[in-house]
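Numbering of the sequence shown is given in my numbering, commencing with residue 1 and proceeding in unit increments. Glycine residues also receive a C-beta, built at the ideal position from the N, C-alpha and C atoms.
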Amino acid sequence: MDSYHLKFLLCLLLLASACRSGLRLEESDHLAVLGSQSLTGPSPSTTGPYKVKTLTYGHGNDKNRSEYRDAVAFRTPTVDASKLIDLGDEEDSRNDYWGFDPTVFPLNGRVWYPEGSGPFPLVLIVHGNHDPKDFSDPGYDYLGELLASRGYIMASVDMNFVNGGIRQENDARGWLLLKHLQVWDKINQDSGNVFFNSVDMDNIALIGHSRGGEAVGHAAAFNKLSHYPDDATLTFNFGFNIKAIVAIAPVGGQYLPTGRFVPLENINYMVFHGSHDGDVTAFQGLRLYHRLRFTDGQDYFKTAIYVYRANHGQWNSSWGAHDSGPRSDRILDLRGLLDPEEQKEFARIYVSSFLEYALKENDMFLPLFRDHRVAGEWLPKTMYVTRFQDHSFRPLANFEEDIDVTTGTATGVQLKGEGLSVWKEEIMPLRSRNRPTTSASQVNQSVRLGWEEDEEDSDSSIRPASFSVALPDTLGNAWELIEDAYLQMALTATREGSDAKKGEDDIPPDVSIEIKDATGESASLILSSYGPIRRPLQMDILRRRDLEEQAYEQNYEFVLQTFSIPLADFIEQNEKLDLRKLSEIRFVFDLTPKGSVLVDDIGISFLDRAFTEGIISDK
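Next comes the structure, spelled out in structure tokens:
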């Protein structure tokens, strides 16, 4: 080999090395965090007692899909979606390929259902954007098989004809879901249909993946409206009893009616997202989590789960690891991903648990949402960050009300910092910075608190840094605080001060939580006893680190962990504490010499006992 070719080979090797840099993965703490299990009985991912049957329904004239043309169990009407979707320059080619245009969209679906008379709760699931000729709707078969065996009817809705290069079509996806519900309502009343009187139309859930994950929120909102927000000449008349929505790695802001995020209230909501999502590269579903409100006094809850090493496509068995299409192997670093079956197993566990409560009022799996450690033996062995809030939550400080850092959310609540190096309220970012409407932020405020001991100051009388939430004298009585209530907050350490060498300084800071009553009685607990405190989890998504650094603000996502501390645990520390006279909640930074945390949603919850059974505490 001559010198020229040798140099050329060396250059190739160096280039390959640059493109295949060391994989940045956090060392997993699952052995400790998932090291025990308190929920008993079979996993919610266990196949149920029902024999599963399948069929398809559709218009019967589909040009490209024989299952919706030649093999439909019953025929459905077409719908006119022309007011909601514009095909633009692609109109002619799309219409030619599919054989129809937006004025005659079909209502196609494939169904998994239990053998039996029912009635059974109804679950619709819808895919997101993908190559329209690589059909997406079969990819949720693993959920269909499970749910049908456990007594649900699940239909995977075909919307491949709106996939591809169309933009801002998620309103159409949501509306189409509601048109499918109209079909199900009709066939449930049709004595000649296989589903006659078999569908429980009082118990409906919608599940969506990717753009479909945003669309289910639009469907829930449209369900309560009389007119289409962008064109009031299109009237709505739905009013279905949709009790729950599930968003899988959703976008969050693709469709903005009247330029605003879609509001939502009074519905159970679950969202989950993978850290290594190579398509929706930021946890945009947190936006809906934050703005969802419970206002009617009924029992609802919301939860968000961040799954380390999960990607976008493996939630769909047809999409797989290729989040960016056929070129994924050259663009994305796939080495750190969970095994596809592990990722689907997570979805089985959480979707099944969520629907058992939302649609069947079975509360046996509710502790999973408050503290995922209770299912440590069931869950894939990776790391999770979880958010949780139920209808009973009353905020003391959520940092949304004004620009005064000393005022809380509840009337009369005052905030105070002592000895802090950092104290400021700020908007929570998302890691991706692609487009302001979809990527820039979580549209939610938190407080950043930092502290650092002066190594030269050895005066032991100096109080450690702290952050206090001072309550008015009347609040404890007004809220009827009792031992069965819970102090709740969301918190994460930041990466400020972390050591890439994983030395002692990289250990996430712990926090003492102290409460005090008006008579001066107090008690203190250690926050890490109630869940893992981590720094944001690092990841590599792209093969080339230089491109990754250009594409993203940081190589981690800020996802806060929710902590729920029983007030009874404070009473156990000091029986003289009078909760009706609760006067102060203090975050005391006395366990590590320096650190920085983000905190949000400090408040009180009156959780149903079902959420708290078997909860793990290391206090």
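Taking its Cβ as the centre, do 16 or more other Cβ atoms sit within 10 Å of His227, making it buried, or is it exposed?
exposed
Look at Ala247 and Val271 and say whether their C-beta atoms are less than 8 Å apart.
yes
Where does Gly531 fall in DSSP's three states?
coil
Selected residue, minimal CA-CA separation from Met201, among Glu400, Asn241 and Asn237:
Asn241
Secondary structure of Ala304, DSSP reduced to three states
strand
With distances taken between CB atoms, is the gap from Asp333 to Asp546 smaller than 8 Å?
no
Could you please give the first and the last residue of the uninterrupted alpha helix (DSSP H) stretch that includes Lys620?
In the structure as shown, the chain begins at 1 and stops at 619. Residue 620 is therefore absent and cannot be evaluated.
First and last residue of the uninterrupted alpha helix (DSSP H) at Ala347:
Pro340 to Lys360
In or out: Lys501 buried (at least 16 other Cβ within 10 Å) or exposed?
The predicted model places Lys501 with a pLDDT of 40, which falls under 50 and marks its position as unreliable, so this point remains unresolved.
Taking Asp473 as the reference, which of Pro106, Asp578 and Leu178 has the closest Cα?
Asp578
Write down the C-beta distance between Lys179 and Leu264 rounded to the nearest angstrom, noting that I regard them as a contact closer than 8 Å.
Between Leu264 and Lys179 the Cβ distance is about 20 Å, and since that is not below 8 Å, they are no contact.
Which residue or residues does DSSP assign as beta-bridge partners of Asn268?
Ala244
8 Å Cβ cutoff met for Ala310 and Ala172
no
Would you check if the region 61-69 and the region 101-117 touch, i.e. whether three or more CB-CB distances between them fall below 8 Å?
yes
Pairwise C-alpha distance: Thr47 and Asp569
38 Å
On the criterion of 16 or more Cβ atoms from any shown chain inside 10 Å, does Thr519 qualify as buried, or is it exposed?
exposed
With a CB to CB cut of under 6 Å and the five nearest residues on each side skipped, what residues in its chain are close to Arg534?
Pro508
Assign Gly165 to one of two classes, buried (16 or more other C-beta atoms within 10 Å of its C-beta) or exposed (fewer than that).
exposed
Measuring alpha carbon to alpha carbon, tell me which residue in Ala221, Ile427 and Asp134 is nearest Leu256.
Ala221
Let me confirm a value: Glu26 is counted as buried when at least 16 other C-beta atoms fall within 10 Å, else exposed. Which label applies?
buried
Using the Cβ count rule (16 or more neighbours within 10 Å means buried), how would you classify Val262?
buried
Coarse secondary structure for Arg476, derived from DSSP in three states:
Note on residue identity: the sequence assigns Gly, not Arg, to residue 476. Helix, per DSSP.
Starting from the Cα of Lys581, find the closest Cα among Pro250, Asp299, Leu481 and His273 and give me that residue.
Leu481
Verify whether the separation of the beta carbon atoms of Ser564 and Ser392 is less than 8 Å.
no
At a cut-off of 7 Å, is Ala465 close to the ligand NAP when judged by its beta-carbon and the heavy atoms of the ligand?
By its list of ligands, the structure shown contains no ligand whatsoever, and the ligand NAP lies outside what it can speak to.
According to DSSP, is Val511 part of a helix, a strand, or is it coil?
coil
For Trp98, which of helix, strand or coil comes out of DSSP?
helix
To which residues does DSSP link Leu415 through a beta bridge?
Val469
Classify Ile207: buried if its beta carbon has 16 or more other beta carbons within 10 angstroms, exposed otherwise.
buried
Buried or exposed: which applies to Val405, given that a residue is buried once 16 or more other Cβ atoms fall within 10 Å of its Cβ?
exposed
Please identify the residue among Lys186, Glu483, Gly603 and Gly252 whose C-alpha is closest to the C-alpha of Gln573.
Glu483
His130 (DSSP reduced to helix, strand or coil):
coil
Nearest-angstrom Cα separation, counted from Tyr350 out to Pro367:
12 Å
Where the alpha helix (DSSP H) containing Val33 begins and where it ends:
His30 to Val33
Please list the terminal residues of the continuous beta strand (DSSP E) segment that includes Gly625.
Only positions 1 to 619 of the chain appear in this structure, which leaves residue 625 out of reach.
Taking the CB atoms as reference points, tell me whether Tyr486 and Tyr384 lie closer together than 8 Å.
no
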